[in-house]
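Trainee:
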Amino acid sequence: MLSTFFVPEGTDFSASEIEVGGDEAHHGVNVLRLKQSEEVKISNGAGNWGVGKVSQLSKKSFIVEISTRGFEAAPKQRIVVVQAILKNDANKEAVDFLTQVGADEIIPWQSQHSIGKIDDKSLSKWQTVARESSRQSRRVRIPLVTRILSTEQLILKIKELQNVLVLHEAAESRLSQIEINEEADVTLIVGPEGGLSEIEVNTFIAAGAKVVRLGQSVLRAANAGAAATSVVMSRTGKW
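Residue numbers (our numbering): 53 to 291.
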């Protein structure tokens, strides 16, 4: 399978040659040891992609001669995951798995039981993980990682949306059986290691969300979102 590299979103994909620089070039030249004439895939992370052979190599960049190009449109029904902020490396693990399975947008949420906190620097790390995981999983669309939401902001968002599903181990309804409106995005809310508080659950329900569970097993907070996304991917025909 072809290695994938990302270029700036504004890159002209109609050009016959495209240069790859920065961290992406470093990964290709120094980690993967790209060779002259090796075929690779490049993308702008927003749907545009091209396939071609490496025509020039240097220490800081390489140039790809494009032979095939295309565009992957954004899905009509997106999967958005509101991920409660976790402890330490669990955040990285959660974003990595969510990206691998196909989440379209990841929203950090400062929940009541979130022990960890993130600032702008930490948010940038989430975005970097999403980018690196997209490269690894050969995605041509990098999931959007948005600004951090407070519970109050999340409640307002829930009121504007359909298909808002809150993961909770005590829920009666299963995610595999709940009705999903095919005309609206699916938003999954995933709690932290300490779980969701009763107040959060009740407030989300009052705002219009539905509470669902995956199965009998209780998953780690870093894995639950990816498992739920996989179920939704299957139910909506993406898998």
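In this text, a Cβ means the ideal position worked out from N, Cα and C, and glycines have one as well.
Jot down the residue ranges of each uninterrupted alpha helix (DSSP H) in the segment 185-249, minimum 4 residues, whole runs only, in chain order.
Mentor: 203-212
Trainee: Just reading off the alpha helix (DSSP H) that Val81 is part of, what are its end residues?
Mentor: Against the sequence shown, residue 81 aligns to sequence position 29. No alpha helix (DSSP H) holds Val81; DSSP gives it neither H nor E.
Trainee: Report buried or exposed for Trp291, applying the criterion of at least 16 other Cβ atoms within 10 angstroms of its Cβ.
Mentor: Mapped onto the sequence shown, residue 291 falls at position 239. Trp291 is exposed by the Cβ-count criterion.
Trainee: Secondary structure at Gln164, three-state DSSP: helix, strand or coil?
Mentor: Within the sequence shown, residue 164 is the residue found at index 112, counting from 1. For Gln164, the secondary structure class from DSSP, reduced to helix, strand or coil, is coil.
Trainee: Starting from the C-beta of Lys139, find all residues in its chain whose C-beta is less than 6 angstroms away, skip the five residues before and the five after it, and write them out in chain order.
Mentor: In the sequence shown, residue 139 corresponds to position 87, counting from 1. Excluding sequence neighbours, Lys139 sits near Ile167, Gly168.
Trainee: Could you tell me the alpha carbon to alpha carbon distance between Ser95 and Gln188, rounded to whole angstroms?
Mentor: Position 43 of the sequence shown, counted from the start, is the residue given in the question as residue 95. Position 136 of the sequence shown, counted from the start, is the residue given in the question as residue 188. Roughly 13 angstroms separates the two Cα atoms.
Trainee: Determine the burial state of Glu252: buried for a count of at least 16 other Cβ atoms within 10 Å of its Cβ, exposed for fewer.
Mentor: Position 200 of the sequence shown, counted from the first residue, corresponds to residue 252. Counting Cβ neighbours within 10 Å, Glu252 comes out buried, since at least 16 surround it.
Trainee: So, using beta-carbon positions, are Gln179 and Val197 closer together than 8 angstroms?
Mentor: Residue numbering aside, residue 179 sits at position 127 when the sequence shown is read from its first letter. Residue numbering aside, residue 197 sits at position 145 when the sequence shown is read from its first letter. Yes; because the gap between Cβ atoms is below 8 angstroms, this pair is in contact.
Trainee: Going by DSSP in three states, Phe114 sits in which element: helix, strand or coil?
Mentor: Position 62 of the sequence shown, counted from the start, is the residue given in the question as residue 114. The answer is strand: DSSP assigns Phe114 an E or B state.
Trainee: Looking at Gly104 and Glu90, is the spacing between their C-beta atoms short of 8 angstroms?
Mentor: For this step, residue 90 is matched to residue 38 along the sequence shown. For this step, residue 104 is matched to residue 52 along the sequence shown. Their beta carbons are not under 8 angstroms apart, which means Glu90 does not touch Gly104 by this criterion.
Trainee: Apply the 10 Å Cβ neighbour rule to Glu184 and answer buried if 16 or more other Cβ atoms are within range, or exposed otherwise.
Mentor: Looking up residue 184 in the sequence shown gives position 132. Glu184 is buried by the Cβ-count criterion.
Trainee: In this structure, does DSSP put Lys262 in helix, strand or coil?
Mentor: Along the sequence shown, read from residue 1 onward, the residue named residue 262 stands at position 210. Looking at Lys262 - three-state DSSP - the assignment turns out to be strand.
Trainee: Could you tell me the alpha carbon to alpha carbon distance between Ala182 and Ala258, rounded to whole angstroms?
Mentor: Indexing the sequence shown from 1 puts residue 182 at position 130. Indexing the sequence shown from 1 puts residue 258 at position 206. Spanning the two alpha carbons is a distance of roughly 32 angstroms.
Trainee: Counting pairs of Cβ atoms below 8 angstroms between the segment 231-241 and the segment 119-137, do you hit three or more?
Mentor: yes
Trainee: Give me the Cα-Cα distance between Val83 and Lys209, rounded to the nearest whole angstrom.
Mentor: On the sequence shown, residue 83 is found 31 positions in, with the first residue counted as 1. On the sequence shown, residue 209 is found 157 positions in, with the first residue counted as 1. Looking at the two C-alpha atoms, the distance is approximately 42 angstroms.
Trainee: Ordered along the chain, which non-local residues of its own chain (more than five positions away) have a Cβ less than 8 angstroms from that of Glu61?
Mentor: Taking the first residue of the sequence shown as position 1, residue 61 is located at position 9. Excluding positions up to five away in sequence, the list reads Asn96, Gly97, Ala98.
Trainee: Does DSSP put Trp291 in a helix, a strand or coil?
Mentor: If you number the sequence shown from 1, residue 291 lands on position 239. DSSP places Trp291 in the coil class of the three-state scheme, outside both helix and strand.
Trainee: So Gln135 is in the alpha helix (DSSP H); what residue range does that whole segment cover?
Mentor: Counting from one through the sequence shown, the residue named residue 135 turns up at place 83. It is not in any alpha helix (DSSP H) - Gln135 instead sits in the beta strand (DSSP E) that spans 131-136.
Trainee: Does the segment 118-126 come close enough to the segment 215-228 to have 3 or more Cβ pairs within less than 8 angstroms?
Mentor: no
Trainee: Answer with buried or exposed for Leu54, where buried requires no fewer than 16 other C-beta atoms within 10 angstroms of its C-beta.
Mentor: Residue numbering aside, residue 54 sits at position 2 when the sequence shown is read from its first letter. When all chains shown are included, Leu54 counts as exposed.
Trainee: Is the beta carbon of Ser113 sitting closer than 8 angstroms to the one on Val59?
Mentor: By one-based count along the sequence shown, residue 113 stands at place 61. By one-based count along the sequence shown, residue 59 stands at place 7. Cβ atoms of Ser113 and Val59: not closer than 8 angstroms.
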